[in-house]
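A quick write-up on the structure given underneath.
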Amino acid sequence: MSADSDDIADTASFHIEPNIASGSPVSAQVIRTLVNEAQCYRMLLESMELGIVIHAADGQLLYINPAAIQIHRMPDDEHDWRAPLDSNDWLVVDSNGKPLPLEAFPAIRALREGRPLQRQTLGIFRVKDGHFRWLEVTAIPHFNEGEAKPAQVLSILRDITDERRDRSLWTRLQTLADTGVWEWNRSNGQFYFSPGTLRLLALEAAPNSLPACLRLFPSHEIERISSAIEQALDRQESFVLEVQRFNPQGEEQWLRLRGEPDRVDPFASRISGTLENISHDKRVEKQLRQQVRTDPLTGLLNRDAIIAELDARLHSGNAALAVLYIDLDRFKQVNDTFGHRFGDQLLQQAASRLLAAAGAQACCARLGGDEFLLLCPDNGEAAIARLAEQVLAKIAAAFQIEGQCISISTSIGIARAPQDGHEALMLMQHADTAMYESKRRGSNRWLYYRPEFERYRRQQQRLQADMPIRRAIDNGETSLRYLPQLCASGNQLLGLEVRLHWQHPQDGEIPPEVFLPHLQRTGEIIPLGNWAVRQLCLQIRRWRDAGLTPPPVGIDIGCHQLAHESLLRTVSEALLETGIPGNSLIFEIDEEILLNDAVMAAAHIDRLQALGIGFAIDDFGAQHAALNCLKRIPACQLKFSARWLQNATGTPANAALCRATVELARTLGLTSIALGIDEAQILACARQLPFTQLQGQLLATPLDAEALAAQWLQPNGARG
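Note that the working numbering has the sequence shown beginning at 3, numbered continuously upward.
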């Protein structure tokens, strides 16, 4: 058999080729004699039990006989007969079990040294299937006539495996290959486990039967292993399995089990193979899979992973799900102020709190930036509401980062399946829309998705593309509305709050919750805010000129507007132009302004108070500044949100604390106002506390100046 051709010269180059290559004239009879000799020589080589391999000096294989093929146990259709000379598929060791470098192979040495090497012992181990043989190798170089270097090398291989079943060397080999060897004879049931296999399985001796061996593995693996072994013997096919088990310490262990039937065995009863510990590889694979699914900053699931999880649950038949889309309010401002490292730590702590709020009932993911998502079973509105409230409470607690104490709030939108959608992306989009609406209404709250929210979202997107606020002011599209504030013990008008109104020619009425947040972000709140202050002063002047006495009117002043130099100038000019006293106005500021930059806020507030302007703290308690902020500005009003009212009745302790806060405000001479009285339940909560004033659409709706004057104002002042 020749690796390249059936050329006689290749087959018997050591005997015939020198005569042919010499160039001497020969007769036809001599040629026939030589051919006959070559054929006989070939028959001799192919019938020998010794393996014969002939290589050219450059490593090209010229000939290999059937015995050598059998020793290597190579399939008929595999032609890489250079192995194991220079292949990574083979591990070659010397007689002591130490790895043998390529330059020490007998054939290589014979070519290099130009002399025969007799009876060199080496072991060959094929890594992919565990095939191992001990060989005694004699390598003989061959020289062409007149040449000093060998042209070919002949290797004679004798299989001495049965003579060299030295267990210590096998152990050494298995250690090098990180593999154990096993063998089973179906006819007599005998097992052989090498020391490496015993070590991998934490055994002292091999099992005495196949069932006993299979009991080393969990039940779900037994059928796979048993079937693979039986089929390998019946079909004379090799197999490879990756199986899981747990060692005596209860630790997970992954093994790669290979089996190769003895195809020479006429009874098809013997099979051998390797057992390799691949636990480390499995751990690495698991880590890689986890990295693909995980947000690297927080350790939560990432966007792709939560979408896949949501999609799988929706299509599993258990589609009653709730999706909570969560956005951290003011995160960008915190990140810009304190830096990205600070912001990253805030995100990490927020993620931990979300996990604590979710518990075992929900999957938690970070979608990117400051947006998160919770996925949980829909166990009814009460259960979803409890989860949303837990998230709000967890995030609302102050964060301690790098010596700084900072508070943020959360906006949550909730979508439910199947009523709000059957597809993952649709549900997430609807939850996002509800979250946006929650933020639009003042943040630190949660809302269920409703289809009408889409209209607000479209308006906002359109405004973001083109915010024509200056044009709107010039065209008379903007106006002021006034929301009455009533005495808590009666129906007497004690105050007013300005609401901005925008009547868009194409979109119709645009709620302030839609356009104000964008104006705050872009800075366009400055011209609109200055316009509103001036219009308010003019309207108070008109009421006074009509003989009416309006109560003090509150107007929201954002942080950008408060810090802008134009505000003081606008107020001074408007008061001077209209002649109204400064105490006709109350500027409502969020306590968040005081938390972020108290020094800046106090400086601007002092200058405005010098003009007689009063100040109210809006949404008092929402940022957990409590009464500390009262030390920073001399406010005249505290305004409490509807959510604060609901928390006040949550537990007896909360109720006592909230009552004490309102009582303290009264003791300090501050007006306490309960906001958001839009439902009877909230009104009932407010009635239980000693508020001075109440405000909300259940009591009175925003009115334009003319309607307000007709309904609430009289020449002698406010009426009940």
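No residue lacks a Cβ here, since even glycine has one placed at the ideal position from N, Cα and C.
{"query": "Beta-carbon contacts of D313 that lie in its chain and below 7 Å, excluding the five residues immediately before and after", "result": "A426"}
{"query": "C-beta atoms of T694 and T673 nearer than 8 Å", "result": "yes"}
{"query": "Presumed contact (8 Å Cβ cut-off) between P636 and V664, rounded CB distance", "result": "With 8 Å as the limit, P636 and V664 do not qualify as a contact, their Cβ atoms being about 19 Å apart."}
{"query": "D338, DSSP secondary structure in three states", "result": "helix"}
{"query": "Proximity winner among S411, Q431, L482 and Q421, relative to W448 (alpha-carbon distances)", "result": "S411"}
{"query": "N- and C-terminal bounds of the alpha helix (DSSP H) containing T435", "result": "A426 to R442"}
{"query": "Euclidean distance between Cα positions of L700 and P486", "result": "11 Å"}
{"query": "Other residues of its chain near R188: CB distance less than 7 Å, five sequence neighbours each side excluded", "result": "L235 and S271"}
{"query": "C-beta atoms of S2 and L613 nearer than 8 Å", "result": "The first residue shown for the chain is 3 and the last is 722, placing residue 2 beyond what the model contains."}
{"query": "Same chain, Cβ closer than 7 Å to F455, neighbours up to 5 away in sequence not counted", "result": "T435, A436 and E439"}
{"query": "Touch test, the segment 382-394 against the segment 282-294, Cβ-Cβ under 8 Å, three pairs minimum", "result": "no"}
{"query": "Residue burial classification, R645 (beta-carbon count within 10 angstroms, cutoff 16)", "result": "buried"}
{"query": "Local conformation of N477 per DSSP, three classes", "result": "coil"}
{"query": "Check whether W545 and L715 have beta carbons under 8 Å apart", "result": "yes"}
{"query": "Residue range of the unbroken alpha helix (DSSP H) whose run includes C638", "result": "Per DSSP, C638 belongs to no alpha helix (DSSP H) and is neither H nor E."}
{"query": "Span separating the alpha-carbon of D558 from that of E590", "result": "5 Å"}
{"query": "Check whether R452 and P529 have beta carbons under 8 Å apart", "result": "no"}
{"query": "Residues that A419 bridges to, as DSSP identifies them", "result": "L323"}
{"query": "Within the segment 341-395, ranges of the beta strand (DSSP E) (whole runs, at least 3 residues)", "result": "365-370 and 373-379"}
{"query": "Own chain, CB closer than 8 Å to Q713, minus 5 neighbours either side, in chain order", "result": "L705"}
{"query": "Closest Cα partner of S318 within the set C366, G361 and P379", "result": "P379"}
{"query": "Option in D297, P420 and E479 with minimal Cα separation from P514", "result": "E479"}
{"query": "Bounding residues of the beta strand (DSSP E) (the contiguous stretch that carries S674)", "result": "T673 to A676"}
{"query": "The segment 151-168 contacting the segment 206-213, beta-carbon criterion three pairs below 8 Å", "result": "no"}
{"query": "C-beta atoms of V245 and E223 nearer than 8 Å", "result": "yes"}
{"query": "E708 versus M428 - alpha carbon distance", "result": "45 Å"}
{"query": "Chain-order list of residues whose beta-carbon lies under 6 Å from that of V28 (same chain, five-residue window excluded)", "result": "Confidence at V28 is low in this model, with a pLDDT of 43, below 50, so its placement is unreliable and no value can be given for it."}
{"query": "Ordered list of beta strand (DSSP E) runs contained in the segment 542-605, each at least 3 residues", "result": "555-558 and 587-592"}
{"query": "Exposure label - T300; buried when at least 16 CB within 10 Å", "result": "buried"}
{"query": "Local Cβ density within 10 Å of S229, reported as buried at 16 or more and exposed below that", "result": "exposed"}
{"query": "Beta strand (DSSP E) segment containing T181, residue limits", "result": "T181 to N187"}
{"query": "Same chain, Cβ closer than 6 Å to G444, neighbours up to 5 away in sequence not counted", "result": "none"}
{"query": "Cβ neighbour criterion (16 or more within 10 Å) applied to K641", "result": "buried"}
{"query": "Exposed unless 16 or more other CB atoms sit within 10 angstroms - verdict on S274", "result": "buried"}
{"query": "Environment of Q431 [buried if 16+ CB atoms lie within 10 Å]", "result": "buried"}
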